[in-house]
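Engineer: Protein chains in written order, with the numbering used here: chain W, 1 to 220; chain U, 221 to 440. From the three backbone atoms N, C-alpha and C, an ideal C-beta is built for every residue, glycine too. My structure is below; once you've seen it, I'll send some questions.
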DNA sequence: CGCGTGTTTGATAGCAATCAAGTTCTGTGG
DNA sequence: CCACAGAACTTGATTGCTATCAAACACGCG
C-alpha cells in the first residue's frame with residue numbers, strides 16, 4: 001500500500017457515478033491511499049478504527065472458514081464507504097480487486113474536523129446501505145438457483161452504469177464466492193446466458209446485456 | 221392485534237434474558253401491543269414509521285419471492301428491536317411466531333420524548349446488531365452444509381439461555397426458511413444429530429444439547 | 001375418539017459440486 | 001513483435017447432496 005502524495009495525478013474512477021461523488025467527509029478530511037490488485041486493505045480481526053471510501057477501483061470484503069471456504073460479503077465501488085464496525089474488530093477482511101485508490105480517516109479525527117453529528121450521520125448512512133444490501137444478499141443465497149444468482153448479479157453490476165458494455169472488476173472465483181457457488185457453475189451459467197442471447201461476453205471481464213427483460217425475469 | 225391496556229397483567233417472557241431488559245426507550249415511551257401466533261406485525265412494502273421491541277414471544281421477518289419461495293431474515297426475541305428501515309417502506313414483513321407482546325413507538329414521538337440524540341443512538345445500535353447478524357447469516361447460507369446450518373442454528377438458539385432444555389419458538393418450516401433448506405432436510409439433520417447423541421429432542425419444539433463441543437465442531 | 005396440522009421417514013430425481021482435461025487470455029522476456 | 005509460461009476460464013464426465021414426491025406417524029384439540 002502506498003500513500004498518494006500527488007493526488008491530482010491520479011486517474012479517476014472509470015464509472016460515471018464517481019463524477020457525481022459528493023464532497024463527503026472522507027473526501028474532505030481523509031488521506032488518499034493506493035492498493036495494488038489483491039492487496040489487503042485490512043484483515044479479519046484487525047482493530048477497526050479507520051473508515052474507508054473507494055475513490056477508484058473496487059474492493060471486496062471476505063470471510064474465511066477454517067477449511068478455506070470463503071464468503072464474500074460485498075463488493076465496494078467508487079463512492080462506497082466500507083470498513084465500519086460496531087465492535088472493536090473487523091469481522092471481514094478487505095482486499096482490492098484491482099489497483100485501487102481509497103480515502104481513509106480515523107473516526108475520532110473526522111469527528112474533530114467535521115463534528116460528531118456529521119460523522120454519526122455519515123456512519124449511519126453507510127451502515128444502512130450495508131444492511132440493505134446484506135438483506136438482499138440473504139434472499140439470493142438462501143433461495144435462488146445458480147442461474148438466478150448469476151442473472152441477479154449481472155443485473156446489479158449493470159445497474160451501476162448506463163454504458164452498454166459493462167466491465168467486471170472481479171474474476172469468476174470472486175463471483176462464485178459472492179454467490180455461494182463454485183467457479184465452474186458460474187462459468188456454466190454465464191455460457192448459458194450467452195447461448196440464450198441474453199447477455200454477451202466479448203471477453204470474460206466485460207459484458208453487454210442484450211435482453212434485459214429476459215435477464216430480469218431470470219433474476220427471480 | 222390488540223392494544224394491551226393492563227400491561228401489569230401480562231405474563232413475562234420465558235427467557236431469563238428478559239428479566240435484565242433495560243428500561244430502554246421503547247419500554248419507557250412505547251405502547252404495548254399483543255399479537256396472536258402467526259399474526260402479521262407489518263407487511264412488506266408497508267410504510268415504516270414505527271419501531272418495535274419484543275417484550276415476550278418471538279417475531280420473524282420474512283421476504284417472499286413471486287413464486288412463493290420464502291427467506292426469513294431474522295428471528296427476534298425478548299429485548300430485541302426490529303422494524304427499523306432507512307427507506308420509507310418495510311423491506312421484509314414481520315409476523316409473530318407465537319402469541320407475542322411488543323412495545324411500539326413512532327420515531328418522531330420518541331425523539332420528542334427522549335431527544336433526537338438518544339433515538340439516533342438507539343436506532344444505530346439496533347441497526348448495527350441487525351447488520352452483524354445478517355453478515356453471519358450470509359456465511360451460513362452461502363457456504364455451510366445442511367448439517368452445519370442446523371448445528372449453527374441450534375447453537376445460536378441455545379446460546380440465548382443457560383437452562384439445559386431450550387424451547388424452539390418456531391416450527392420446522394421456519395427453521396428451513398431461515399437456513400435456506402427444505403423442511404424435510406431440516407428434519408433429517410435433527411434426527412441425525414439426535415442419533416449421534418449430540419442433541420436430544422424430547423419433543424420437536426424443545427431440545428437439550430448433550431455434546432456441545434461436538435455441536436460446535438459441526439457448526440463449522 | 002377422530003380429525004387436522006406438523007413432523008418424520010422413505011424412495012427417487014435433479015442441480016450443483018467435484019474431478020479432470022482442454023482452451024483462452026495475459027503478461028513477460030527473448 | 002512474437003513465443004512462451006502461467007493463470008484464468010471453459011467444458012466434459014461423474015458424483016453426491018439436497019430437493020422433491022409420497023406416505024406414515026405423532027401430537028394437540030375440539
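Apart from the five residues on each side of it in sequence, which residues of its chain come closer than 7 angstroms, Cβ to Cβ, to residue 189/W?
Structural biologist: The residue given as residue 189/W occupies position 189 in the first chain. Closer than 7 angstroms at Cβ, skipping near neighbours: 146, 147 and 150.
Engineer: Examine chain U for any beta-carbon lying closer than 8 angstroms to the beta-carbon of residue 192/W, and answer yes or no.
Structural biologist: As a first step, residue 192/W is located in the first chain; it is residue number 192 there, counting from the start. For residue 192/W, the answer is no, since every Cβ of chain U falls outside 8 angstroms of its Cβ.
Engineer: With 16 as the cutoff for other CB atoms within 10 Å, does residue 85/W come out buried or exposed?
Structural biologist: Taking the first residue of the first chain as position 1, residue 85/W is located at position 85. Result: buried.
Engineer: Kindly list, in the order they appear in chain W, the residues whose Cβ is closer than 7 angstroms to that of residue 286/U.
Structural biologist: Taking the first residue of the second chain as 1, we reach residue 286/U at position 66. Residues of chain W passing the Cβ test: 220.
Engineer: Just confirm the distance between the C-beta atoms of residue 310/U and residue 263/U, as a whole number of angstroms; I'd bet it's less than 8 angstroms.
Structural biologist: The residue you call residue 310/U lines up with position 90 of the second chain. The residue you call residue 263/U lines up with position 43 of the second chain. Correct: roughly 7 angstroms between the Cβ atoms.
Engineer: Taking residue 57/W and residue 112/W to be in contact with their CB atoms under 8 angstroms, please state how far apart those CB atoms are, rounded to whole angstroms.
Structural biologist: Translated into the one-based positions of the first chain, residue 57/W becomes position 57. Translated into the one-based positions of the first chain, residue 112/W becomes position 112. At roughly 29 angstroms, the Cβ-Cβ gap does not stay under 8 angstroms, so residue 57/W and residue 112/W are not in contact.
Engineer: Give, in chain order, every residue of the region 105-123 of chain W whose Cβ lies closer than 9 angstroms to some Cβ of chain U.
Structural biologist: Taking 9 angstroms as the Cβ-Cβ cut-off against chain U, the residues of the region 105-123 of chain W that qualify are 117, 120, 121 and 123.
Engineer: Please list the terminal residues of the continuous beta strand (DSSP E) segment that includes residue 325/U.
Structural biologist: Against the second chain, residue 325/U aligns to sequence position 105. Run containing residue 325/U: 320-326, per the beta strand (DSSP E) assignment.
Engineer: Quick one: Cα of residue 289/U to Cα of residue 245/U, how far?
Structural biologist: Reading the second chain from its first residue, position 69 is the one you call residue 289/U. Reading the second chain from its first residue, position 25 is the one you call residue 245/U. Cα to Cα, residue 289/U sits roughly 36 angstroms from residue 245/U.
Engineer: Name, please, each residue of chain W whose Cβ falls closer than 8 angstroms to the Cβ of residue 348/U.
Structural biologist: As a first step, residue 348/U is located in the second chain; it is residue number 128 there, counting from the start. Chain W residues near residue 348/U: 86 and 127.
Engineer: Is the Cβ of residue 371/U closer than 8 angstroms to any Cβ of chain W?
Structural biologist: If you number the second chain from 1, residue 371/U lands on position 151. No, its Cβ sits nowhere closer than 8 angstroms to a Cβ of chain W.
Engineer: Against chain W, does residue 387/U count as a neighbour if the rule is that its beta carbon must be under 8 angstroms from one of theirs?
Structural biologist: Within the second chain, residue 387/U is the residue found at index 167, counting from 1. It does not; no Cβ of chain W falls within 8 angstroms.
Engineer: I'd like to check one pair, residue 399/U with residue 141/W: are the Cβ atoms closer than 8 angstroms?
Structural biologist: Looking up residue 141/W in the first chain gives position 141. Looking up residue 399/U in the second chain gives position 179. Result no, Cβ atoms of residue 141/W and residue 399/U do not sit closer than 8 angstroms.
Engineer: Is it buried or exposed for residue 335/U, if we count other Cβ within 10 angstroms and need 16 for buried?
Structural biologist: Working through the second chain from its first residue, we reach residue 335/U at position 115. Exposed, by the Cβ-count rule.
Engineer: Under three-state DSSP, which class holds residue 254/W?
Structural biologist: No information on residue 254/W is available, as it lies outside the stretch 1 to 220 that chain W covers here.
Engineer: With H, G and I counted as helix, E and B as strand and the rest as coil, what does DSSP make of residue 84/W?
Structural biologist: The residue given as residue 84/W occupies position 84 in the first chain. In the structure shown, residue 84/W sits in coil (DSSP, three-state: anything other than H, G, I, E or B).
Engineer: How many angstroms separate the CA atom of residue 200/W from the CA atom of residue 157/W?
Structural biologist: Counted from its first residue, the first chain places residue 200/W at position 200. Counted from its first residue, the first chain places residue 157/W at position 157. Approximately 14 angstroms, taken between the alpha carbons.
Engineer: Which residues of the region 69-82 of chain W have a Cβ closer than 8 angstroms to any Cβ of chain U? Give them in chain order.
Structural biologist: For the region 69-82 of chain W, which is checked against every Cβ of chain U, the residues closer than 8 angstroms are 69, 70, 71 and 73.
Engineer: Which residues mark the beginning and the end of the beta strand (DSSP E) in which residue 293/U is found?
Structural biologist: Stepping through the second chain from its first residue, residue 293/U is reached at position 73. Where residue 293/U is concerned, the enclosing beta strand (DSSP E) stretches over 290-296.
Engineer: Using a C-beta to C-beta distance shorter than 7 angstroms, which residues of chain W count as neighbours of residue 361/U?
Structural biologist: Along the second chain, one-based indexing puts residue 361/U at 141. The contacting residues are 138, 141, 142 and 180.
Engineer: Could you work out which residues of chain W lie near residue 354/U, taking near to mean beta carbons separated by less than 7 angstroms?
Structural biologist: The sequence position of residue 354/U within the second chain is 134, counting from 1. Under the 7 angstroms cutoff, chain W gives 131, 134, 135 and 138.
Engineer: Let me know the secondary structure DSSP gives residue 172/W once reduced to three states.
Structural biologist: Residue numbering aside, residue 172/W sits at position 172 when the first chain is read from its first letter. Helix at residue 172/W.
Engineer: Since residue 178/W sits in a beta bridge, which residues does DSSP pair it with?
Structural biologist: Here residue 178/W is taken as the residue at index 178 of the first chain, counted from 1. Looking at the DSSP assignment, residue 178/W forms no beta bridge with any residue, so it has no partner.
Engineer: On the DSSP bridge assignment, give the partners of residue 63/W in chain order.
Structural biologist: Numbered from 1 along the first chain, position 63 holds the residue referred to as residue 63/W. Partner(s): 71/W.
Engineer: Measuring only from the beta carbon, is residue 260/U closer than 7 angstroms to any heavy atom that is part of the ligand NAP?
Structural biologist: The ligand NAP is not part of the structure shown, which contains no ligands of any sort.
Engineer: Nearest-angstrom Cα distance between residue 274/U and residue 163/W?
Structural biologist: Here the question's residue 274/U lines up with position 54 in the second chain. Here the question's residue 163/W lines up with position 163 in the first chain. If you take the alpha carbons of residue 274/U and residue 163/W, they lie about 47 angstroms apart.
Engineer: Over the uninterrupted beta strand (DSSP E) stretch that includes residue 409/U, give me the two end residues.
Structural biologist: Along the second chain, one-based indexing puts residue 409/U at 189. Residue 409/U -> not in any beta strand (DSSP E); alpha helix (DSSP H) instead, spanning 403-415.
Engineer: Taking only beta-carbon atoms, is residue 63/W less than 8 angstroms away from chain U?
Structural biologist: Start at 1 with the first residue of the first chain, and residue 63/W comes out as number 63. True, the Cβ-Cβ gap to chain U drops below 8 angstroms.
Engineer: What is the residue span of the alpha helix (DSSP H) that residue 377/U lies within?
Structural biologist: Position 157 of the second chain holds residue 377/U. Its alpha helix (DSSP H) spans residues 366-378.
Engineer: Alpha carbon to alpha carbon, how far is residue 395/U from residue 103/W? Give it in angstroms, no decimals.
Structural biologist: Residue 103/W sits at position 103 when you count from the first residue of the first chain. Residue 395/U sits at position 175 when you count from the first residue of the second chain. Their backbone Cα atoms lie some 42 angstroms apart in a straight line.
Engineer: Candidates 391/U, 440/U and 407/U: which alpha carbon is nearest residue 258/U's?
Structural biologist: Taking the second chain and counting its residues from 1, the one referred to as residue 258/U is at position 38. Residue 391/U is the option with its Cα nearest to residue 258/U.
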